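See structure below.
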Amino acid sequence: MEAIGQDRILQTRAVKLHKRLTVVKVGNYAEVTSMNVRSPLNHGGLLGKSTQNCRISTSGPVVNWRKHRMKQVSFCGTLVENSDSMLIADAERKKGKPTEGVMEALQSITDPNVAFEYFKSVAGMPYVVHTTETCNHMLEMLMVHRRVGDMVFVFDLMQKQIINRNSTTYLTIFKVLNVRGGMRQASFALDRMKPAGFILNAYSYNGFIHLLLKSGYCREALEVYRRMIKEGNKPSLKAYSALMVAVGKRRDTETVMELLKEMESLGLRPNVYTFTICIRVLGRAGKIDEAYRILKRMDDEGCGADVVTYTVLIDSLCVAGKLDEAKNLFLKMKDSSHKPDRVTYITLMDKFSDCGDLESVHELWSQMETDGFRSDVVTFTILLNTLSKAGKIDEAFSQLNTMSEQGIAPNLHTYNTLIGGLLRANRLEEAVSLFERLDSLGVEATAYTYILFIDYYGKSGASNRALETFESMKSRGIVPNVVACNASLYSLAEAGMLKEANDVFSELKKSGIAPDSITYNMMMKCYSKAGRVDDAVKLLTEMTENGCHLDVAVINSLIDMLYKVDRVDEAWEMYQKLKHMNLTPTVVTYNTLLSGLRKEGRVQEAIILFTTMIKNGCHPNTVTFNTLLDCLCKNDEVDMAVKIFFDMRQMNCFPDVVTYNTLIYGLTTENRVYDAFLLFHHMRKSLYADCVTLCTLVPSLVKNSKTEDALNIIRFFLCHAQHRAERSFWEDLTSGVIVQTSVDKAMVFAESLISSELCQDDSVLVPLFKVLSKHKRGLEAHDLFVRARSCGIEATLEVYYILIGGLLDIRLVDLAWNLFEEMKKSGCVPDVSIYNLLLDALGKSGEVDRLLNFFEEMQHYGCIPDTVTHNIIISGLVTSNNIDKAVDMFYNLVSRDFSPTPCTYGPLIDGLAKSGRLEEAKRLFEEMIDYGCKPNCAIYNILINGFGKCGDMESACTLFRRMVKEGIRPDVKSYSILIDCLLMLGQVDDAWDYFEELKLQGLDPDLICYNFMINGLGRYGRINEALSLFGELQTRRISPDLYTYNSLILHLGIAGMIEEAGKLYEELLFKGLKPNVFTYNALIRGYGISGDHDRAYAVYQTMMTGGCSPNLGTFAQLPNQS
1 MEAIGQDRIL QTRAVKLHKR LTVVKVGNYA EVTSMNVRSP LNHGGLLGKS TQNCRISTSG
61 PVVNWRKHRM KQVSFCGTLV ENSDSMLIAD AERKKGKPTE GVMEALQSIT DPNVAFEYFK
121 SVAGMPYVVH TTETCNHMLE MLMVHRRVGD MVFVFDLMQK QIINRNSTTY LTIFKVLNVR
181 GGMRQASFAL DRMKPAGFIL NAYSYNGFIH LLLKSGYCRE ALEVYRRMIK EGNKPSLKAY
241 SALMVAVGKR RDTETVMELL KEMESLGLRP NVYTFTICIR VLGRAGKIDE AYRILKRMDD
301 EGCGADVVTY TVLIDSLCVA GKLDEAKNLF LKMKDSSHKP DRVTYITLMD KFSDCGDLES
361 VHELWSQMET DGFRSDVVTF TILLNTLSKA GKIDEAFSQL NTMSEQGIAP NLHTYNTLIG
421 GLLRANRLEE AVSLFERLDS LGVEATAYTY ILFIDYYGKS GASNRALETF ESMKSRGIVP
481 NVVACNASLY SLAEAGMLKE ANDVFSELKK SGIAPDSITY NMMMKCYSKA GRVDDAVKLL
541 TEMTENGCHL DVAVINSLID MLYKVDRVDE AWEMYQKLKH MNLTPTVVTY NTLLSGLRKE
601 GRVQEAIILF TTMIKNGCHP NTVTFNTLLD CLCKNDEVDM AVKIFFDMRQ MNCFPDVVTY
661 NTLIYGLTTE NRVYDAFLLF HHMRKSLYAD CVTLCTLVPS LVKNSKTEDA LNIIRFFLCH
721 AQHRAERSFW EDLTSGVIVQ TSVDKAMVFA ESLISSELCQ DDSVLVPLFK VLSKHKRGLE
781 AHDLFVRARS CGIEATLEVY YILIGGLLDI RLVDLAWNLF EEMKKSGCVP DVSIYNLLLD
841 ALGKSGEVDR LLNFFEEMQH YGCIPDTVTH NIIISGLVTS NNIDKAVDMF YNLVSRDFSP
901 TPCTYGPLID GLAKSGRLEE AKRLFEEMID YGCKPNCAIY NILINGFGKC GDMESACTLF
961 RRMVKEGIRP DVKSYSILID CLLMLGQVDD AWDYFEELKL QGLDPDLICY NFMINGLGRY
1021 GRINEALSLF GELQTRRISP DLYTYNSLIL HLGIAGMIEE AGKLYEELLF KGLKPNVFTY
1081 NALIRGYGIS GDHDRAYAVY QTMMTGGCSP NLGTFAQLPN QS
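Residues 1 to 1122, numbered by this note's numbering, are exactly what the sequence shown covers, in order.
As structure tokens, then:
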């Protein structure tokens, strides 16, 4: 009851206030009759200041106020309460503060009926106009009580009295109509507003479009525009201009030109501002010809371009890289009535500055001053930027003195320019020093200052420092903008630091800053590097849902990612989506797709795509041609590649060295060495060959015995090479010759290079020595080395290492040691890898004393042993049966800073196991784990074999299961050991189970494994199964060896299948295998068991005449022996 009473009191007061609000115009004064307060109409009184509430009009509608540029005023009073009634306080007494009388009255009423009646009564007053705030308040009150009809009245009043409708107005209406999603749901909301009675007029539509554009909802604004046209409303010229600017920022030139046509069809004549917008949009999109057509049309229609139009066109030409055309247009301006202004000069100077064109900037500077425009901080900053980009950073700093002399103070942008110049010159310390002095220079660093450092660190690979700088910026209270976040994300994307990138990305969104296309592109790159392509694709959906402007660069990035992970169909689907997104494929799009087709070898599709590209008006660049030519050359279409190559220039595209290299490669693969040679000389007219050119052409010339031509080409290259030929060049060149020709021809060629003094180090010999050593031709490598040394070539450590290793491999140990001594005498100090080679040879030969002495010598000469060295010594001691010594050395090493590896433990465990000391071996195995050295499969195999060979299959199988449990995958050898040990104990079925498990695990049994099974099955009389495995082995294209045949011949003979044994003997002879004593013994035994003594002796005679000496087993098998 008390609340109702208060409402009635407030209602009564509001009615009293309404009755007392009678405004009378007296001369130049407005009088509030109830208060007898007079205020001047034009000097700070009733019409002195705009406020948020009702306005008093003395000259008609509010529109007339704006025409006369008169100030607005709210009602000159504030609702106050005293013991008697509601009073209106004098505006003058409040010293110009906004009055809130009507608004406070509305806010004081809680009953919607009374509030609405009061609202309507104020609306009916002749000189009082409601404001946006009073109307919005009324709408909100009515919305709470779901009084849609009355809300329609308020909205119509706002339209009739041309009261500004802001986003709050529409959002309140949306809410009562149950529209969720804010202004972005504009089109859907309008569908509900019309049936509810909210009918927008042309003014409302224009305002609504502006509101949407101001909020960044370009797509929604276009939808509202289409609806407006459909309903017969005519958009204003201002609305068209705003739409064109917004759409132009998205590079959607097609929609901009459609808007231009539509406005003309409605009878709206474009003005100079409209045409200038079109020129800017077309120019920024690179459509310069179309921009010029608009300029010509302006002249034809009598809408003369102004200085802004010309400046915009100049800017577009500069952005398109057509600086010469921009300069020519600038000169035409000077000769016309539209003289360049300061903005024109700054635009041109800024663009030439970006290119580091100091001469043009100085020239424009002089002309600017001649035309009466004095230099200021902006022009000086442009000059500093030009100097720094031209590499004259010190001269840029000297210009600060000139600025000071002219009384021009540098601003933050000036200092940022200098910091950027220092970073560009890799003078980081000076850049940091200047940054730290900014506060003392009277300027405060902004986000852009930090961005310079973040970008520098990111591109230098210092991702952590980039992130630290980003965090430092935030700690200084500087809110990161989207550019700062993008710069930080770039460095994180390059380093593949996904977690950190996600943190930056999430923080950006939480701060209310909308990520742009670059942000999303960087995040996509991060996900791609982490192998999470699906997450990268999901970001595209997020971009669309958030209304982020999609650009073709993002789609290009996704196409590239999908192709790289072989999701080819999805890559092409992404390409097809471009049309639906109203995006035009760029040259990068086509190049990415062509690159994918090239990798797949899809020549016809590549040619079709190339043709489509040209047809769609996208001009191919050199990369396009290089990709297509590479695809053709690698797929036997060299003639077509040559034809396209000669068509390049007609398309205003010029070949680079990669183009020539691609074609030379194609021609050499078809052995068209003469054509390749001609093409090389054609290239020389305009370009210098690079290392790839020579490594492609020279091997082909050597192959065709044109060694002299090859040497001449190399001679020419070395005379004109922009960089000195490095060791890698000579190594690649020799490797190419080896692959294309033969080792022998390559040796002759290498000697020619050395003898002609074209190559003056041993780099040309390295690939040859590697190949010769690999093919057991170490002695030939040594002989070539001796000849090269006689020509003055000094060998490096790498060459000595290869040669010594090659000689040891073919057991020319003495020659290897001699070479080692020569090496020391020549002044080339052996490193640990060479010592390890010789130590390993001594260890394997069992010469333990020499091994230990040489080990001491190595340390005496200052060569520090590494882990490999110690492992070799331990292994050598084990090989020579000095197991205890090896174990002692191991524990001595471990007591120091030595970190053992599985290769350290392997020989020790193997030695202990083979000597029957299995418990010690197992204890050492457990210690290995305690030392943090994880056993590998090889270690487990040693122990399993040790226990298995001792007959402890339970321990062997337990170790096998433990290995699997610890996530170490058994290899073929693991299974082979178990199978062999089980067969030795007669556990044939268990062995067979492991053999089958081996195949189920995706492993392929090798010949050794098959031999174990075949021999085991034969030994225990399961000969048919053994023969079945023999067939399976050959089906898997594994060639049986002599052991396989010997096993089967033996067991077939024992089983009485001597004929089958004889056939296998004939088969092994046919395959070129040479029988040994075990082969003959098996046959003799078989014939003996079958009672065919004559054939047994015939085999014995064959054995003797074949030069195979019998053993005791032979005589034991002969039939005459009892």
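Backbone N, C-alpha and C define an ideal beta-carbon position, used for all residues, glycine too. Predicted model only: the values in this text are computed from it and were never measured.
Is residue i helix, strand or coil by DSSP?
| i | result |
| --- | --- |
| V479 | coil |
| V128 | strand |
| L1118 | coil |
| F646 | helix |
| L217 | For the record, residue 217 in the displayed sequence is Tyr; it is not Leu. Coil. |
| E325 | helix |
| Y940 | helix |
| S1109 | coil |
| G1088 | helix |
| Q576 | helix |
| P585 | coil |
At what residues does the alpha helix (DSSP H) containing residue i begin and finish?
| i | result |
| --- | --- |
| A425 | A425 -> no alpha helix (DSSP H), and no H or E assigned at all. |
| V702 | 691-703 |
| D354 | 342-354 |
| E927 | 918-930 |
| P902 | 902-914 |
| N1024 | 1023-1035 |
| A1096 | 1093-1105 |
| E670 | First-last for E670: undefined, no H or E at that position. |
| H338 | Neither: H338 is in no alpha helix (DSSP H) and is coded neither H nor E. |
How long is the line joining the alpha carbons of residue i and residue j, rounded to whole angstroms?
| i | j | result |
| --- | --- | --- |
| M141 | M183 | 21 Å |
| N591 | E363 | 39 Å |
| I939 | K564 | 39 Å |
| T624 | G601 | 16 Å |
| E920 | E847 | 26 Å |
| D884 | L808 | 28 Å |
| V129 | V114 | 19 Å |
| D371 | D341 | 9 Å |
| F453 | N502 | 21 Å |
| C1009 | Q987 | 16 Å |
| E996 | L1064 | 26 Å |
Apart from the five residues on each side of it in sequence, which residues of its chain come closer than 8 Å, Cβ to Cβ, to residue i?
| i | result |
| --- | --- |
| F898 | T867, H870 |
| T1102 | Y1080 |
| T901 | T867, N871, C933 |
| A530 | G496, L498 |
| R787 | E751 |
| E325 | I288, L317 |
| V411 | Before going on, a small fix: residue 411 reads as Asn here, not Val. Excluding residues within five positions, the ones whose Cβ falls inside 8 Å are V377, T381, V443. |
Using C-beta distances below 7 Å, list every residue in its chain close to residue i, excluding the 5 sequence neighbours before and after it, in chain order.
| i | result |
| --- | --- |
| L1124 | Since the first and last residues shown for the chain are 1 and 1122, residue 1124 lies out of range. |
| S756 | L711 |
| N1011 | Y1043, T1044, S1047 |
Near residue i, which residues of its chain fall below 6 Å by C-beta distance, leaving aside the five closest residues on each side in sequence?
| i | result |
| --- | --- |
| N164 | T132 |
| S595 | T627 |
| T589 | N556 |
| L877 | K885, A886 |
| V657 | L687, D690 |
| K1191 | Outside the shown range of the chain (1 to 1122) lies residue 1191, about which nothing can therefore be said. |
| N42 | Its pLDDT being 36, under 50, N42 is placed unreliably in this model, and the value from its coordinates should be taken loosely. Same-chain partners within the cutoff: there are none. |
Whole alpha helix (DSSP H) elements within the segment 790-821, 4-residue minimum: 797-809
Beta strand (DSSP E) runs wholly inside the segment 366-442, at least 3 long, in chain order: none
Alpha helix (DSSP H) segments (min. 4 residues) lying fully within the segment 118-168: Runs of the alpha helix (DSSP H) inside the segment 118-168: 132-144, 148-160.
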